[in-house]
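> Protein chains in written order, with the numbering used here: chain H, 2 to 101; chain D, 159 to 807; chain A, 1145 to 1312; chain Z, 29 to 378. We treat Cβ as the ideally placed atom computed from N, Cα and C, and that holds for glycine. Computed from a predicted model, the values in this text were never measured in an experiment. This structure is in structure tokens; I'll ask about it shortly.
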Amino acid sequence: MVPVQWYVWLGLALFMVGVFGFLTRRSIIMMFLSIEIMLNAVNLLFVAFAHFLNDLRGHMMVIFIITVAAAEAAMGLAILVSVVRNRLSAHVDEIKQMKG
Amino acid sequence: MDHLYLLIPALPLLGFIINITLGRGLIKDKAHLVAIPAVFLSWAAAMYTVAQVAGGTIVSRDFYTWIVSGGFSVSAGFLIDQLTAVMLVVVTTVSLLVHIYSTGYMRGDKGFYRFFAYLNLFTFSMLMLIMSNNFLQLYFGWEAVGLCSYFLIGFWYEKKSAADAGKKAFIVNRFGDFGFGLGVFMIFLTFGTLHYGPVFQSAPGVLAGKTVMLFGQSVPLATLISLLLFCGAVGKSAQLPLHVWLPDAMEGPTPVSALIHAATMVTAGVFMVARCNPIFSLSPLAMAVVGLTGAVTALFAATIALVQNDIKRIIAYSTISQLGYMFLACGVGAYGAGIFHLYTHAFFKALLFLGAGSVMHSMQGELDVQKMGGLKKYMPVTYWTFLAASLSISGIPGFAGFFSKDEILWKAYSAGGIGTLLWVLGTLAALLTAFYSFRLFFLAFHGKFRGGHELEHHLHESPKSMTMPLTILGMGAVAAGWVGLPPFIGNALGVSNTFGAFLAPVFGNITESAASGEIMITGISVAVALLGILIAAYMYVWKPGAATALKEKLPAVHKVLWNKYYVDELYNFIIVKPAFWTARNFIAGTSDGKVIEGVVNGVPRAIDSFGRKLRKLQTGMLQDYAAIMAFCIFAFIAAALVFWKTMGG
Amino acid sequence: MNPIVFGYLAAAILLLSLLAVTNKNPVHAILLVIVMFFHMAVMYIGLGAEFLAAVQVIVYAGAILVLFLFVVFVLNIREETGGERFSSVWPFGLSIATGLLLLAVILSGKVRLGAMGPYTPQVIAAETHTKILGRVLYTDYILPFEISSLILLVAVVGAITLAGREDR
Amino acid sequence: MNLFDLWMGTSQGIQGASGAAGAAGIALQLAIIIIKVAVIVGVLMVHVTWATYFERKTIGHMQVRLGPMRVGPHGFLQPIADFIKLFFKEDVIPASADKPVFFVAPVISIFATMSAVAVIPIFSGFEIADINIGLLYILAMSSLSAYGVIMAGWASNSKYSFLGGLRSSAQVISYEVAMGLSLVGVMMMAGSLNLTEIVKAQQKYPLGIFAIPQILGFFVFMVSAFAETNRTPFDLPEAESELVAGYFTEYSGMRFALFYVAEYIGMIGMSLVAITCFLGGWTGPFHIPYVPFAWLLIKLYLMIFLFYWVRATVPRYRYDQLMKLGWKFLIPLALFNIVLTGAVKLLVKA
């Protein structure tokens, strides 16, 4: 049997891949993809802990996270579409309006 | 039906909410169709409740815990006993009639809906005041009626004098309320609760012999609390020396004067003193202060009323004077008599004001009695009802005012001691009252019209919506007193003093016995009243020049009275001017200009300069923010790891 | 789960996601992530969460990533044309991610499982995962469930408002 | 000892299955599954092959012409001739194509549609995988089939293909929702997601089918199934008159054949799902000896005939009409069906 630590390590590693992608990619769509990867890493941890604790709370969390992820993707991509329409750029470092 | 009394305050509140939210856009000039049913149903519920109370059902319960803070706990609750029942009759009846009257009086005003919303709010607040079962709720109602009074005095806020009068009323009341607030604090400190029940029950035991050190002097606690509470009553009921706001409050619409500044709000002080009678009764000194203040005010205001020409101001000073009577009664321990006078006064004084409003309505807003005259033939209903009110206030036997005033004077006389002095002052005031009331009456309704032809052309009787309340109140002014017949008449007829008996559970059983002296006292006061009327008739009907002649004979007295004893000027000199001087020279320049503005401007300036440096960090790049966030998480976890041991993990 | 299976899945997941986040072509990246999600779904099945596995495929692969592809198509982002695919400060991002990973791995040694719940694999298997999830979701978690429905509604309205054109 | 459990190690009995007996058991189970897969794929492929012939003949006769007549009697061997032609045709790949995606797209397409068939119970006790979430699995696989279309459209780097891919993705996402919701009524009535359970649950109802109490759901499902499989009247992604065959314009030879086969497998798969969920699966009014899946076949042929019939008679939708139909009519209708089913179920229980 696989100990719980292995899942934790896998989840952490996957999460950091997501963090890395989010921090370094210039394309907004790739940043969104990185967020999805991070969410999946978290989901994996939830499911793993739920399994090892004989508890369903982790599964509940995963369902809600997937719901929120769907909502987030819809909203984020809608924002992206309107940003690209207005700025003609899908690169995050060319959008600098967010400052005082 | 058990909780029907909840509707009494709830309906006016509902009316207020509907009118204030929907009034501007939706209801507009239909506001009375919301307000009047609300008050009418409230009145009906009140009548039902009063009948219940008469049947012996006293309501006393908490509904909702309002504030809990440590040992301090205040609940919202209702106490409906006999005293409250009397007030319920007065407040809801007068309020209902004034509402109806206002539909005619305020028709066409652009603030129509606002007016009715405020009237409803006032009714709600007044009902909360009289129905409360603890001091804090009383205080809430107390301040809320003050607020409504402010709104309504300044109702025509475009007029500077109206706005100023509103402010004056508000500020003068603050002086009294300051004392009242302190009194409530003292009660909480002493008793640990603000509920009427426990406070009044334990008052004799707790307060007996207790003193506090105040400015190096030992003052009985009961006296201190009583006087502090009385401060509030002085402000709210416009007694000396805080009476100055009430005459100015006449800037408000006349129905407001009738409702708030004659029948209900200003009597809140009397109600409060009567309500707190278990505390007041413990302090002879406080009682003496109450009685003397009342008597002096009664005489003082009556003298001013002798010479004024503004119809509403005359009635306003008469109100102050009559309120003085009520305090006089409380001062000699005759709370029942005071409340009785409050009750009859509500009818005839509201009637006087509404009648004055009717006259003004006809006179195109003219207030000067010297420009009126001979209105009898133009406005018969107003004339007859006004006559009834004047007879009532003068104390002519058979009219409401007679019974209550007579009872007060007899109680004062029979109390002995300082009571005799109070009786003398009261009787003098009664003479003046009869005189100025009929001076006003004769000047306005008899003789020739002095306002010019064009104005005469416009004279007309008021519409039904205004005369109907006048008629009802007129009947009240005649008949309302018969519920409290004095013993010597009552015994002859075989009925006892119903009113006194009704209130007996609240004020303790005061034995009523017919005394031979009472007939004498009654005779004196009736004679005095008739004398006053005769003098007025002589000076203003039979020999119209007599008044002017008297004025020229005593110019100094007239000048002092005409200027209301220079009280306003005195206050202006003592309080207002120094306050302005301090504000201009000290506060504006030094404390506000340097200290406060320095801090107020310095803080943003510091933040601004800091922000200027910090905003370099804000690049507008999403990933930079994310990186900083991630780095901080990294730092936090690292710190947690390093200090793991020290944190005891 | 069989360690060999776990090893394969873990390696595939990590490799695919690394390839995805470093890929130059967004379409390829999305396709790699889809494959990664399939492996994740298998992982869920191995952990006894068959319903979640199905949801993972239906929602993530079937809806969210189709949405991604759709947006890529609409915006016609063939390849990252504007020069570099990584931002200029990528070493910083990389070092933060690596540092965080190191810390997290150190911390993960301190993971201790808490109290055990009542839902053993046998209980779940006897009543099927879907049924038991449904019961818990519609009783204990009804409020979060309603809230999440609201979130979805807001997302629908928001997405239409944001992306909808002015002219209509 | 289930093979899958053993492989995943989810079962507690892993230590129990030891030694040679365990290994032999595993080998046996593996062999059985492979045989099952082979049988079903074989039968499926035969059906697909002659379904094309069947379609051409049906439409031909409906349009008062003969259809293929040359190869074999009544052109019966035409599919084989087609197959040989496609197999030996030159495989053209556009120069600017995104090659890996271009290669993998038809494979995904055929793989996703074929996988869905794995959980369909052919007759009592015969199916490749009897899993608890059968219905969800089918939904998952059918949503994946969109990827084949989208990727093909993208990878070809041609504007017609691209538009076809774009349309397809929008269409599939929209109708996926309606289809999923239409099946919820079935799930509620059966109380299970397992397809065998669903078939068994239908026995209590009139004619042994759900199609009568779930008539709304059945209607929504059938319309969505037409859209999911890109069949007329919803064949916009491949509309030959406007998009020149849409997403597989650039495909030729064997890869084209894969798409073609995938479409027919999808059609058969959807028909099988409809039969399993709404029409009583392998059961029928009376027992037919020797051919355990006779009823299933009869129903399948009828369903396929329905597909052809619709294709021969109904004109194609416009794109915005298609979207409107999906979002403004089918989805509300399916939601209403769910509410109705729930209400009736509660009432009956009470």
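Out of curiosity, what's the CA-to-CA distance linking residue 121 of chain Z and residue 1169 of chain A?
20 Å
> Counting only runs that start and end within the region 734-784 of chain D, where is the alpha helix (DSSP H) found for 4 or more residues in a row?
735-740, 755-772, all fully within the region 734-784 of chain D.
> Taking C-alpha atoms, which residue in Z:108, Z:295, Z:362 lies nearest to residue 329 of chain Z?
Z:295
> Name, please, each residue of chain E whose Cβ falls closer than 7 Å to the Cβ of residue 1290 of chain A.
No chain E is part of this structure, whose protein chains are labelled H, D, A and Z.
> Who are the neighbours of residue 201 of chain Z on chain A, taking C-beta pairs under 7 Å?
1207, 1210
> Under 8 Å, do residue 481 of chain D and residue 360 of chain D count as touching if we go by C-beta distance?
No, the Cβ-Cβ distance between residue 481 of chain D and residue 360 of chain D is not below 8 Å.
> Do we get a CB-CB distance below 8 Å when we pair residue 1253 of chain A with the residues of chain D?
no
> State whether the region 491-505 of chain D contacts the region 551-562 of chain D, with contact taken as three or more CB pairs (one from each stretch) at a distance under 8 Å.
yes
> Let me know the alpha helix (DSSP H) ranges lying completely inside the region 427-453 of chain D, each 4 residues or longer, listed in chain order.
Listed in chain order, they are 435-438.
> What residues of chain D sit near residue 1238 of chain A, judged by a beta carbon separation below 7 Å?
Those within 7 Å of residue 1238 of chain A in chain D number zero; the least Cβ separation is about 11 Å.
> Need the endpoints of the alpha helix (DSSP H) that residue 210 of chain Z sits in, please.
Annotation: the continuous alpha helix (DSSP H) that includes residue 210 of chain Z extends over 187-218.
> Mind reading off the beta-carbon distance from residue 339 of chain Z to residue 260 of chain Z? Whole number of angstroms is fine, and I expect it under 8 Å.
4 Å
> Given 8 Å as the limit, is there contact between the region 1273-1293 of chain A and the region 36-49 of chain H, that is, 3 or more CB pairs closer than that?
Verdict: no, contact absent.
> Taking just the CA atoms, how far does residue 306 of chain D sit from residue 168 of chain D?
17 Å
> Compare the beta carbon distance of residue 161 of chain Z and residue 1195 of chain A with 8 Å and say whether it is the shorter of the two.
yes
> Taking DSSP as the reference, what is the three-state secondary structure of residue 224 of chain D?
In the displayed model, residue 224 of chain D falls within a strand according to three-state DSSP.
> I want to see whether chain A comes within less than 8 Å of residue 160 of chain Z, judged by CB atoms only; does it?
yes
> Where do the N-terminal and C-terminal ends of the beta strand (DSSP E) with residue 235 of chain D fall, by residue?
230-238
> Anyone know if the C-beta pair for residue 45 of chain H and residue 15 of chain H falls short of 8 Å?
yes
> Anyone know if the C-beta pair for residue 1153 of chain A and residue 1186 of chain A falls short of 8 Å?
yes
> For chain A, check one thing: does any of its Cβ atoms lie closer than 8 Å to the Cβ of residue 47 of chain Z?
Reliability fails at residue 47 of chain Z, whose pLDDT of 48 lies under 50, so the model's placement of it is uncertain and the value that follows must be treated cautiously. Not an interface residue.
> Ends of the beta strand (DSSP E) at residue 372 of chain D?
369-372
> Rounded to the nearest angstrom, what separates residue 453 of chain D and residue 583 of chain D at their Cα positions?
A direct Cα-to-Cα measurement between residue 453 of chain D and residue 583 of chain D gives close to 6 Å.
> So residue 51 of chain H and residue 57 of chain H are supposed to be a Cβ contact under 8 Å. How far apart are they, rounded?
Contact holds; Cβ gap of about 6 Å.
> With DSSP as the reference, please indicate the residues paired to residue 378 of chain D in a beta bridge.
D:369
> Taking Cβ-Cβ distances shorter than 9 Å, what residues in chain A pair up with residue 30 of chain H?
Within chain A, the residues whose beta carbon sits less than 9 Å from that of residue 30 of chain H are 1170, 1173, 1174, 1212, 1215, 1216, 1219, 1221, listed in sequence order.
> Give me the chain H residues within the contact set of residue 423 of chain D, using Cβ-Cβ distance strictly less than 8 Å, ordered along the chain.
Ordered by position in chain H, no residue passes the 8 Å Cβ test against residue 423 of chain D, which lies about 53 Å from the chain.
> Go through its chain and collect everything with a Cβ distance to residue 665 of chain D's Cβ below 7 Å, but skip five positions before and after it.
Counting only Cβ-Cβ distances below 7 Å, and skipping sequence neighbours, we find 435, 493, 494.
> When you compare the CB of residue 1166 of chain A with every CB in chain Z, is at least one pair closer than 8 Å?
Judged by the 8 Å Cβ criterion, residue 1166 of chain A is not in contact with chain Z.
> So what does residue 93 of chain Z bridge to, in DSSP terms?
Beta-bridge pairing links residue 93 of chain Z to no other residue.
> Using a Cβ cut-off of 7 Å, pull out every chain H residue sitting near residue 788 of chain D, in sequence order please.
20, 24
> Using a C-beta to C-beta distance shorter than 8 Å, which residues of chain A count as neighbours of residue 791 of chain D?
Residues of chain A whose Cβ lies closer than 8 Å to the Cβ of residue 791 of chain D are, in chain order, 1244.
> Determine which residues of the region 322-335 of chain Z have a Cβ less than 7 Å from any Cβ of chain A, and write them out in chain order.
Per Cβ criterion, the list is empty.
> Apart from the five residues just before and just after residue 581 of chain D, which ones in its own chain have a Cβ nearer than 7 Å to its Cβ?
567, 570, 571
> So, for residue 634 of chain D: in the same chain, excluding its five sequence neighbours on each side, which residues have a beta-carbon less than 6 Å away from its beta-carbon?
505
> Given that a residue counts as buried once 16 or more other Cβ atoms are within 10 Å of its Cβ, and exposed if not, what is residue 222 of chain D?
exposed
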